[in-house]
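Here the structure comes first, spelled out in structure tokens, and everything after it is commentary.
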Amino acid sequence: MSKPPIYTLYSPHHALHHPRGEFLHGRIVPYYEMPRRVEMIDHAVRQSPLFHRVLYADMSADVLPMLGYIHDPAMITYLRELCHQSQARIRADYAVYGLTDHLGDDEYYYESIFHTPSNTRSSHHNPPKLYLSDSTCPIGKGTWTAIVQSAELAFRGASALLHGEHPRAYAICRPPGHHAGYDFVGGYCYLNNAAIAANCLRPLGKVAILDVDYHHGNGTQDIFYEDANVFFASIHADPTVDYPHTTGYTDEIGLGAGMGANLNIPLPHGTDEDAYFVALHRAIAAIHQFGAKALVVSLGFDTYVQDPMGRFRLTQTSYERMGRMIDAMNLPTIYIQEGGYAIEALGELAVAFFKGVLADGE
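In the numbering used here, the protein residues as written are 175 to 536.
Okay, structure coming up:
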């Protein structure tokens, strides 16, 4: 029996978040996490029979009550309020330097003081600026709507799996989310879409999250590190030489009740398909051993050989093979879009991956 098309969710409101630049060694360079990333994927989705695409343009926010289970409520409040206040804050800061005549009508607020581990904070003072862990998450007047709609796609896709409406879902999320932790944002990520999906799927039993983005999903690990019922497996670049640097090491196996429910498989620059799939087999075996009843896949295409941010050597056919292997786990599965910056190739890579998902057998 043939598999049904992938239930695919997309919202145009991601484009409300469109920073123009980011900082690199004293220079302003184009912002890599641009709207065109997912627009290229959506264009390919609309042209392919592999997908049952649903457009969400209603600006709903059913996911909002769920956010407090994943993130520090104070951080959520901070993000929402900063989005609303961003233009006023920028004007005040620019005024100090006499730059008010250069203001546009949609500027982005870049923080300059960043997150520190919670155990170094005073219990009496918790400056909201510390929620931002790096300079890649500027905030503009449309950012809040964009990040909530991104989370909404993950929530709705997972809900469809939970209620048995679809066996597979693909949330074309933007901004991505796997670098957003319980009380920090960073790496282009504000709200953790994969974590939201996993939390939604808990009624099915144990949930596994498989992160195949090039970078370690430090935010997802942070959220579930002490959780015995959510297994996190991440295959990623060696963090000694790649973002996020502070996490993603093999000795991070969980804590407390979550001991043993975290698996990191860091790989060196130049990793090719053969080496990558040895790691993927290992992650899949661990998920089976865990006894997961549902699966969330943080799907990044920055492992592609031509990705400007990645240093792996996967090809288009690699993604088709990856899709076959993951779907062979035979679990209700939602795929959450994370990274991928080879803009012109992203649509083809997504189609190749889901061609593998819908193929018969591994």
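All C-beta atoms, glycine included, are put in the ideal place defined by N, C-alpha and C.
So is V237 in contact with chain B if we call contact Cβ pairs under 9 Å? No chain B appears in this structure, which consists of one protein chain only.
Between I397 and N438, is the Cβ-Cβ spacing less than 9 Å? The answer is no: Cβ separation not under 9 Å.
Buried or exposed for P193, going by 16 or more other Cβ atoms inside 10 Å? P193 comes out buried.
Can you tell me the Cα-Cα spacing of C347 and A431, whole angstroms? Distance between the alpha carbons of C347 and A431: 30 Å.
Within 10 angstroms of the Cβ of A537, are there 16 or more other Cβ atoms? Answer buried if so, exposed if not. Here the chain covers residues 175 to 536 and nothing more, so residue 537 does not appear.
Assigned exposure category for D357 - 16 Cβ within 10 Å defines buried: buried
When the Cα atoms are used, what is the spatial distance from D425 to P440? One alpha carbon belongs to D425, the other to P440, and they sit about 11 Å apart.
For A371, I'd like the list of residues in its chain whose CB is within less than 8 Å of its CB, leaving aside the five on either flank, ordered along the chain. A328, F329, G331, A332, A345, V470, I508, I510
If we count Cβ pairs, one from each stretch, closer than 8 Å, do we get three or more for the stretch 194-206 versus the stretch 243-252? no
Is there contact between the stretch 405-422 and the stretch 488-496, where contact requires at least three CB pairs shorter than 8 Å? No: fewer than three Cβ pairs fall under 8 Å.
Do L454 and V386 count as a contact pair if the criterion is CB distance below 9 Å? yes
Per DSSP, which one or two residues make a beta bridge with A407? L384, L437
Whether T274 touches F225 by CB criterion (9 Å): no
Which value, in whole angstroms, describes the spacing of the CA atoms of A524 and I215? 7 Å
To the nearest angstrom, report how far apart T394 and Q323 are at their CA atoms. If you draw a straight line from the Cα of T394 to the Cα of Q323, it comes to about 19 Å.
Spell out the partners DSSP gives T507 in its beta bridges. R342, L469
Quick check: A382 and F464, are their CB atoms within less than 9 Å of each other? Contact flag set, yes.
Under three-state DSSP, which class holds E512? coil
If you drop the 5 nearest sequence neighbours on each side, which residues of the same chain put their C-beta closer than 8 Å to that of A449? L441
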